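Engineer: Residue numbers for the sequence shown follow this note's numbering, so the first one is 187 and each next one is one higher. All residues carry an ideal CB built from backbone N, CA and C; glycine is no exception. Please read all numbers here as calculations on a predicted model, not as lab measurements. I'd like to ask some things about the structure below.
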Amino acid sequence: MNYVTVNPCRMCQPIGTVFALKGIEKSMLLLHGSQGCATYMRRHISGHYNEPVDIASSALHEKGAIHGGDAFLKQGLRNVIAKYRPRVIGVATTCLSETIGDDIHRILAEFEEEMAGDPLVAGLPEGERPIIFPIRTPSYAANHLRGFDAALLAAVERLAPSRTSQALAAGGAPSSGQSAGRDRINILPGNLSPGDLRHLKDVLDDFGVSHILFPDFSETLDAPMGDGYQLLPDGGTGLDEIRAMSKSKATVRFGAPVDPQACPACFLAEEHGVPAHTIPAPIGLHATDRFLELLSDLTGQPVPARRRRERGRLLDALVDAHKIVFGRRPVIFGDPALVEGITSFCLEVGMEPALSVTSEDGLDFFQIHALTKEKGGDLLLGHDGGSFIAGDLGLPLIRVGFPISDRLGGQRQVVTGYEGAIRLLDRITDAILDRRDREGPSVAAC
187 MNYVTVNPCR MCQPIGTVFA LKGIEKSMLL LHGSQGCATY MRRHISGHYN
237 EPVDIASSAL HEKGAIHGGD AFLKQGLRNV IAKYRPRVIG VATTCLSETI
287 GDDIHRILAE FEEEMAGDPL VAGLPEGERP IIFPIRTPSY AANHLRGFDA
337 ALLAAVERLA PSRTSQALAA GGAPSSGQSA GRDRINILPG NLSPGDLRHL
387 KDVLDDFGVS HILFPDFSET LDAPMGDGYQ LLPDGGTGLD EIRAMSKSKA
437 TVRFGAPVDP QACPACFLAE EHGVPAHTIP APIGLHATDR FLELLSDLTG
487 QPVPARRRRE RGRLLDALVD AHKIVFGRRP VIFGDPALVE GITSFCLEVG
537 MEPALSVTSE DGLDFFQIHA LTKEKGGDLL LGHDGGSFIA GDLGLPLIRV
587 GFPISDRLGG QRQVVTGYEG AIRLLDRITD AILDRRDREG PSVAAC
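Dropping the structure here:
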């Protein structure tokens, strides 16, 4: 058994909650733990997105670790409300608060009671009082992917509670069945880039379908330059939209959940009868075909002519690049949905992946380095964690996914759809040709 991890190919559970909360309008994340947790996450996220990222912390230290963190968390919440005036506050636990056994549900319930008459919120209209919900995310239990889903599920459970919960609150019987006339579609895209999210919204608009993208950090993590600094940038999935997800026609999720117990699509299906469709992320030809065909089936609309033309251009690009990429041995790593999509795309263009590793597989970059040499990998596709392998072995690294802190533009990358596949293919072929130019024509034949 391996007890040592060298440069892990995964991140801690709470960092996933940051992306989820950034995709909800006027929301704020508060980490119940040490100050260092928030600092670590801000550094990674701001380095990738080149945007200021505020993450609050209860700043637990020795006293809180011994006597409990109730006072630290409550004071942190008061500070967040006073400073940011958020519509939503997600409170995520960390290793420290989980290890000392803080009952976060009890603490938040007490805080809600204490704040009922507090001048800080007493004067606010009912709709402007912050909605606070807990998210249990100890780092030692899982990775960032589960934290991402857990935060989304916590938001949906609070804003669109189950029919049973609503009935109990109202003192009546639970209702059943869907209301007539539902034509809205929920899209759960996962942790794609803001550029990808904007592209997906363009595709959905082409179909003329009413949709809810959840979460949507296409503006909050890639905001346009404005006249001044906003503590809470505009954008994100609206609270009314999250409430309305329980009345949608269907939910489309990219990639299987890493934990079925932390799956908002499953919750909407089980508690509200909203059918869930889990498909691969639309990366490459066949996966994009499948996504557009599903949208066509759900909406009754044909695939727009614009997208059919894009498909033809992708086919043309595949023919152009085939002689360059055929037989190449890429090593692919990152989050499961992204790795699945890129691996499928590489197979479509005639590559023979030497290794595909997801953040769920448990391999670290020390092991990936050794396997790259052993299996004859000749290029890398993944985030900047692979830069040390690329430097040591002299291989090109095509940077995709999160984090990318050693280059600019990670937040603007588009790999989804036919157009995204063309862009990715161009980057792969150019990297191969660059290496050939540096090392000689023999590289092209290896």
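Is it the case that the Cβ atoms of Leu417 and Ser432 are separated by a distance below 8 Å?
Structural biologist: Cβ distance not < 8 Å, so Leu417 and Ser432 don't count as in contact.
Engineer: Determine the DSSP secondary structure at Ser213, reduced to helix, strand or coil.
Structural biologist: Here Ser213 sits in strand by DSSP.
Engineer: Determine the extent of the beta strand (DSSP E) in which Ile321 is found, giving its start and end residues.
Structural biologist: Here the beta strand (DSSP E) through Ile321 covers 317 to 321.
Engineer: Would you decide whether Lys208 is buried or exposed? Buried here means 16 or more other CB atoms lie within 10 Å of its CB.
Structural biologist: The residue in question, Lys208, is buried, as its Cβ has 16 or more Cβ neighbours within 10 Å.
Engineer: Closest to Tyr604 by C-alpha separation, out of Gly520, Ala617, Arg493, Gly580, would be which residue?
Structural biologist: With distances taken between Cα atoms, Tyr604 lies closest to Arg493.
Engineer: If you follow the alpha helix (DSSP H) that Ile236 is in, where does it begin and where does it stop?
Structural biologist: For the record, residue 236 in the displayed sequence is Asn; it is not Ile. Where Asn236 is concerned, there is no enclosing alpha helix (DSSP H), given that its DSSP letter is neither H nor E.
Engineer: Is it right to say Pro238 is buried, meaning 16 or more other beta carbons lie within 10 angstroms of its own, or is it exposed?
Structural biologist: It is exposed - the Cβ of Pro238 has fewer than 16 other Cβ atoms within 10 Å.
Engineer: In the DSSP output, what is Ile469 paired with across the bridge?
Structural biologist: Gly603, per the DSSP bridge assignment.
Engineer: Kindly give me the distance between the Cβ atoms of Ile371 and Lys435, rounded to whole angstroms, as I take these residues to be in contact under 8 Å.
Structural biologist: Contact holds; Cβ gap of about 6 Å.
Engineer: How long is the line joining the alpha carbons of Ser220 and Phe258, rounded to whole angstroms?
Structural biologist: Approximately 10 Å between the Cα atoms of the pair.
Engineer: Specify the secondary structure class of Ile252 as computed by DSSP and reduced to three states.
Structural biologist: Correct three-state label for Ile252: helix.
Engineer: Just tell me which of Tyr326, Thr406, Ile267, Pro401 has its CA closest to the CA of Leu310.
Structural biologist: Among Tyr326, Thr406, Ile267, Pro401, the Cα nearest to that of Leu310 belongs to Ile267.
Engineer: By DSSP's criteria, His463 is part of a beta bridge. Which residues make up the other side?
Structural biologist: BP columns for His463 point to Val438.
Engineer: According to DSSP, simplified to helix, strand and coil, what is Thr203?
Structural biologist: Three-state result, Thr203: helix.
Engineer: Roughly how many angstroms separate the alpha carbons of Glu625 and Ser379, rounded to a whole number?
Structural biologist: Rounded to whole angstroms, Glu625 to Ser379 spans 33 Å at the Cα level.
Engineer: So what does DSSP say about Ala366, is it helix, strand or coil?
Structural biologist: Residue confidence for Ala366 is low, a pLDDT of 42 falling below 50, so the modelled location carries little weight; the figure read from the coordinates is stated next. Of the three classes helix, strand and coil, the one that applies to Ala366 here is coil, per DSSP.
Engineer: Check this for me: beta carbons of Leu566 and Ile575, under 8 Å apart or not?
Structural biologist: A contact, by the Cβ cut-off of 8 Å.
Engineer: Check Leu354 in the structure and name its three-state DSSP category.
Structural biologist: Residue placement at Leu354 is poorly supported in this model, since its pLDDT is 49, which falls under 50; the coordinates still yield a value, given next. Correct three-state label for Leu354: helix.
Engineer: Throw me the rounded Cβ distance for the His230 and Ile590 pair, which I believe falls under 8 Å.
Structural biologist: Their Cβ separation, rounded to whole angstroms, is 10 Å, which puts His230 and Ile590 out of contact at 8 Å.
Engineer: Does the Cβ of Leu501 have 16 or more other Cβ atoms within 10 Å, making it buried, or fewer, making it exposed?
Structural biologist: Leu501 comes out exposed.
Engineer: Would you check if there are 3 or more beta carbon pairs closer than 8 Å linking the segment 199 to 218 to the segment 418 to 428?
Structural biologist: Yes: at least three Cβ pairs fall under 8 Å.
Engineer: So His458 is in the alpha helix (DSSP H); what residue range does that whole segment cover?
Structural biologist: First-last of the alpha helix (DSSP H) with His458: 450 to 458.
Engineer: Answer yes or no: do Thr323 and Ala341 have a C-beta to C-beta separation smaller than 8 Å?
Structural biologist: Contact flag unset, no.
Engineer: In three-state terms, what does DSSP make of Arg497?
Structural biologist: Helix, per DSSP.
Engineer: Beta-carbon within less than 8 Å of Asp382's beta-carbon, same chain only, minus the 5 sequence neighbours each way: which residues are those?
Structural biologist: If we look at Asp382 and ignore the five residues flanking it on each side, its Cβ neighbours are Pro375, Gln599, Val600, Val601, Thr602, Gly606.
Engineer: Starting from Cys198, follow its DSSP beta bridges and name the residues at the other end.
Structural biologist: Answer by DSSP bridge pairing, in chain order: Asn329.
Engineer: Where do the ends of the beta strand (DSSP E) carrying Ser573 lie?
Structural biologist: Careful: Ser573 lies outside any beta strand (DSSP E), inside the alpha helix (DSSP H) at 573 to 579.
Engineer: So, is Ala491 buried or exposed, given that buried needs 16 or more other C-beta atoms within 10 angstroms?
Structural biologist: Exposed, since its Cβ has fewer than 16 Cβ neighbours within 10 Å.
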